[in-house]
Amino acid sequence: DTEVTQTPKHLVMGMTNKKSLKCEQHMGHRAMYWYKQKAKKPPELMFVYSYEKLSINESVPSRFSPECPNSSLLNLHLHALQPEDSALYLCASSQDQGWQINQPQHFGDGTRLSIL
Amino acid sequence: DAKTTQPPSMDCAEGRAANLPCNHSTISGNEYVYWYRQIHSQGPQYIIHGLKNNETNEMASLIITEDRKSSTLILPHATLRDTAVYYCIVPSLITGKLIFGQGTTLQVKP
Numbered sequence: 002d003t004e005v006t007q008t009p010k011h012l013v014m015g016m017t018n019k020k021s022l023k024c025e026q027h028m029g030h031r032a033m034y035w036y037k038q039k040a041k042k043p044p045e046l047m048f049v050y051s052y053e054k055l056s057i058n059e060s061v062p063s064r065f066s067p068e069c070p071n072s073s074l075l076n077l078h079l080h081a082l083q084p085e086d087s088a089l090y091l092c093a094s095s096q097d098q099g100w101q102i103n104q105p106q107h108f109g110d111g112t113r114l115s116i117l
Numbered sequence: 027d028a029k030t031t032q033p034p035s036m037d038c039a040e041g042r043a044a045n046l047p048c049n050h051s052t053i054s055g056n057e058y059v060y061w062y063r064q065i066h067s068q069g070p071q072y073i074i075h076g077l078k079n080n081e082t083n084e085m086a087s088l089i090i091t092e093d094r095k096s097s098t099l100i101l102p103h104a105t106l107r108d109t110a111v112y113y114c115i116v117p118s119l120i121t122g123k124l125i126f127g128q129g130t131t132l133q134v135k136p
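Taken in sequence, the protein lines are chains U and V.
Numbering of the first sequence is given in the numbering used here, commencing with residue 2 and proceeding in unit increments.
Numbering of the second sequence is given in the numbering used here, commencing with residue 27 and proceeding in unit increments.
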């Protein structure tokens, strides 16, 4: 069991659909992250939120739109995705995005997304 | 950002110690070494991290060489459930980003 909860676990959508992925943590963490993981590849960072503000965007296409409505929730809004966007989307959180880097990130089990 | 190098795969007999090496020769004095693992179909799981001293927790031990250019993760009594991809990561001091390499696929065999 993880302390970072992601919903849904699986999602199949067409290229014209709009959907959202949700991530929730109740550890009081103030930094939250989205990663994308293609099959048999390591996770790649997409976005970082620190204190509910977007801190890092790794040049992700605009069809992916993150949102952090409060310190416990992180959403990833999806629109007009392409088949190559099919992947496992992982959410993580840490105490903060501090400079000391003495704080591990805790990951959810991801949403497996398939684009038809 | 410090780059890490790990062997792509290793085998270990069940009940024996698994020793997973990592090279991070460009690590700077204030950078931590982190280990995560990813079991199939799950998210990465934090294992342990360290700066200079050896560390131990309920999951594993981390041995860091004196010059800090390499480290070894030790699973003292490997079980079949320890079969996973193990990632050695040195997070960026500037951004805190985790950059995952290819990791080591550990196969624990009965």
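Built from N, CA and C at the ideal position, the CB exists for glycine as well.
Element boundaries [beta strand (DSSP E), containing residue i]
i: asparagine 58/U; result: 54-58
i: alanine 44/V; result: 44-49
i: threonine 112/U; result: 112-116
i: leucine 77/U; result: 74-80
i: aspartate 86/U; result: Run containing aspartate 86/U: none; DSSP gives neither H nor E here.
i: serine 21/U; result: 19-26
i: histidine 11/U; result: 11-14
i: valine 5/U; result: 5-8
i: lysine 37/U; result: 32-38
i: glutamate 45/U; result: 45-51
i: aspartate 37/V; result: 35-39
Whole-angstrom distance between residue j and residue i, CA atom to CA atom
i: glutamine 83/U; j: proline 67/U; result: 17 Å
i: proline 47/V; j: glutamate 57/V; result: 18 Å
i: serine 87/V; j: arginine 107/V; result: 17 Å
i: leucine 55/U; j: proline 70/U; result: 11 Å
i: leucine 74/U; j: methionine 28/U; result: 11 Å
i: histidine 11/U; j: aspartate 93/V; result: 45 Å
i: glutamine 180/U; j: leucine 79/U; result: The requested residue 180/U does not occur in the structure, where chain U is confined to residues 2 to 117.
i: isoleucine 65/V; j: tyrosine 72/V; result: 12 Å
i: serine 96/V; j: asparagine 103/U; result: 19 Å
i: leucine 101/V; j: valine 59/V; result: 16 Å
i: alanine 39/V; j: serine 63/U; result: 47 Å
i: threonine 91/V; j: glycine 15/U; result: 51 Å
i: serine 95/U; j: methionine 36/V; result: 30 Å
i: lysine 85/V; j: asparagine 45/V; result: The sequence given here has methionine at residue 85/V, not lysine. Cα to Cα, methionine 85/V sits roughly 13 Å from asparagine 45/V.
i: threonine 6/U; j: leucine 117/U; result: 25 Å
i: leucine 99/V; j: phenylalanine 65/U; result: 36 Å
i: glycine 76/V; j: asparagine 49/V; result: 14 Å
i: glutamine 133/V; j: lysine 78/V; result: 29 Å
i: lysine 37/U; j: threonine 82/V; result: 30 Å
i: leucine 89/U; j: lysine 29/V; result: 24 Å
i: asparagine 18/U; j: serine 115/U; result: 12 Å
i: valine 111/V; j: glutamate 4/U; result: 21 Å
Residues that residue i contacts on chain U, provided the C-beta gap is smaller than 7 Å
i: proline 33/V; result: Those within 7 Å of proline 33/V in chain U number zero; the least Cβ separation is about 15 Å.
i: glycine 76/V; result: Near glycine 76/V there are no residues of chain U at all, since even the closest Cβ is about 10 Å away, more than 7 Å.
Within chain V, the residues that residue i reaches when beta carbons sit closer than 8 Å
i: leucine 46/U; result: Lys123, Leu124 and Ile125
i: tryptophan 107/U; result: Per the sequence shown, the amino acid found at residue 107/U is histidine instead of tryptophan. In chain order: Tyr72.
i: aspartate 110/U; result: Ser67, Gln68 and Gly69
i: isoleucine 57/U; result: Thr121 and Lys123
Contact list for residue i against chain V, beta-carbon separation under 7 Å
i: leucine 91/U; result: Gly69
Closer than 8 Å at the beta carbon, the chain U residues around residue i
i: glutamine 129/V; result: One point to set straight first is that residue 129/V is glycine, not glutamine, in the sequence displayed. Residues of chain U passing the Cβ test: Pro43.
i: tyrosine 113/V; result: Pro43
Partner residues on chain V for residue i, Cβ-Cβ distance less than 9 Å
i: asparagine 103/U; result: Tyr58, His75 and Leu77
For residue i: DSSP bridge partner residues
i: serine 66/U; result: His78/U
i: glutamine 143/V; result: It is not possible to answer for residue 143/V, since the shown part of chain V is limited to 27 through 136.
i: alanine 28/V; result: None, per the DSSP bridge assignment.
i: asparagine 71/U; result: Leu74/U
Secondary structure, alpha helix (DSSP H): runs of 4+ residues fully inside the region 53-130 of chain V: Note on the region 53-130 of chain V: there is no whole alpha helix (DSSP H) run with a minimum of 4 residues.
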